[in-house]
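First residue of the sequence shown: 1, per the numbering used here; consecutive thereafter.
Quick notes on the structure that follows.
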Amino acid sequence: NQNDAKTVIRVVKLVAVILVAAIIGFNCYYTIGEQEQAVVTTFGKAEAVSTPGLHFKLPFVQKITKVDTTIKGLAIGYDANTGWSVEEESLMITSDYNFVNVDFFLEYKVSDPIKALYASENPVLILKNMAQGCIRSVIGSYDVDSVITTGKSEIQSKIREELMTQLEDKNIGIQLVNLSI
Numbered sequence: 001n002q003n004d005a006k007t008v009i010r011v012v013k014l015v016a017v018i019l020v021a022a023i024i025g026f027n028c029y030y031t032i033g034e035q036e037q038a039v040v041t042t043f044g045k046a047e048a049v050s051t052p053g054l055h056f057k058l059p060f061v062q063k064i065t066k067v068d069t070t071i072k073g074l075a076i077g078y079d080a081n082t083g084w085s086v087e088e089e090s091l092m093i094t095s096d097y098n099f100v101n102v103d104f105f106l107e108y109k110v111s112d113p114i115k116a117l118y119a120s121e122n123p124v125l126i127l128k129n130m131a132q133g134c135i136r137s138v139i140g141s142y143d144v145d146s147v148i149t150t151g152k153s154e155i156q157s158k159i160r161e162e163l164m165t166q167l168e169d170k171n172i173g174i175q176l177v178n179l180s181i
């Protein structure tokens with residue numbers, strides 16, 4: 001009968017409207033954790049960085065990419081999981097033409113989420129390569145005795161200074177927190 005068909009169509013329309021409203025409602029807010037920031041992109045263009053808390057967005061127009069801003073570590077010269085030396089990274093030559101194995105541990109964090117996401121494809125790999133270059137450059141200017149014993153703190157501070165300068169120049173959104181031999 002015709003009244004039953006109209007009622008079914010009305011119910012289907014009502015369910016569809018409720019379903020669309022629920023989907024839009026659940027897609028218009030997002031939560032950022034305490035150790036995170038989020039990059040808000042509108043039609044693919046980075047617009048803003050959100051801080052921790054509850055935020056609203058335009059569903060289907062804005063996209064949220066969360067970025068972890070905690071301090072992370074990076075081992076150079078050894079495998080952090082096994083503790084075994086990685087000779088390709090740790091073996092260096094000093095100014096007096098001696099070979100020395102030196103292990104480093106870098107601590108870094110994301111300082112600019114937009115640049116960390118969009119300025120380069122892999123900012124952590126760039127950091128590691130820049131650190132290895134700085135380390136080899138500085139270690140190569142010291143003799144083996146200084147590297148092994150008395151010059152460790154001076155070497156650390158020179159490498160830290162050089163690496164921080166390079167990070168500022170490259171501007172990849174990562175900040176050096178600490179570096180230790």
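Think of the CB as a built atom: it goes at the ideal place given N, C-alpha and C, for glycine as much as any other residue.
Just so you know, these numbers come straight off a predicted model, no measurement behind them.
query: Strictly by DSSP, which residues pair up with Y142?; result: According to DSSP, Y142 bridges with nothing at all.
query: For V61, count the other beta carbons within 10 Å of its own beta carbon; 16 or more makes it buried, fewer makes it exposed. Which is it?; result: exposed
query: With a cut-off of 8 Å, do at least 3 Cβ pairs link the stretch 132-146 to the stretch 154-161?; result: yes
query: Taking the CB atoms as reference points, tell me whether I155 and I174 lie closer together than 9 Å.; result: no
query: Taking C-alpha atoms, which residue in I24, G53, L127 lies nearest to T31?; result: G53
query: Which of helix, strand or coil does DSSP assign to F105?; result: strand
query: Just to confirm, are T65 and L19 a CB contact at a threshold of 9 Å?; result: no
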